[in-house]
Amino acid sequence: MPDIKTHEIHDPSALYDDPESPLYGFDVTAVSGPDYDTPQAKALYDALGTGLDDEEMILGALPNGKWALVGLAVQGHIFAVGPAGA
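So in our numbering, the last one in the sequence shown is 365, and the numbering has no gaps at all.
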């Protein structure tokens with residue numbers, strides 16, 4: 280099982296722009312449709328207790344090479360960060 284960490288959103292306004300945020304530099308264009316069907320992406324879905332049918336979730340890459348799976352950027356929601364795919 281990959282090393283996946285889940286995080287709770289505390290300040291949605293700083294989620295992607297704060298260099299201290301685990302989602303700083305989140306880039307949805309760095310992954311594509313087939314990436315959602317990789318073991319790494321499925322592990323992120325599993326960590327959040329959801330699945331590929333959850334259309335609210337967005338997969339993206341981070342500058343450090345890890346992947347993240349994020350739903351609504353709302354205070355209290357959980358997102359997951361783990362190793363990159365392929």
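Think of the CB as a built atom: it goes at the ideal place given N, C-alpha and C, for glycine as much as any other residue.
Beta-ladder partner(s) of residue i, from DSSP
i    : result
L338 : L348
G361 : W346
H286 : F358
D306 : A340
Residue from the options with nearest C-alpha to residue i
i    : options                   : result
K345 : I357, P298, D306 and D290 : D306
I337 : D296, E299, D316 and D282 : D316
N343 : A363, H286 and G355       : A363
K284 : P298, L348, T308 and V353 : L348
Start-to-end residues for the alpha helix (DSSP H) that takes in residue i
i    : result
L327 : P318 to L327
Minimum Cβ-Cβ distance from residue i to chain B less than 8 angstroms
i    : result
H289 : Of the chains in the structure shown, none is chain B; there is only one protein chain.
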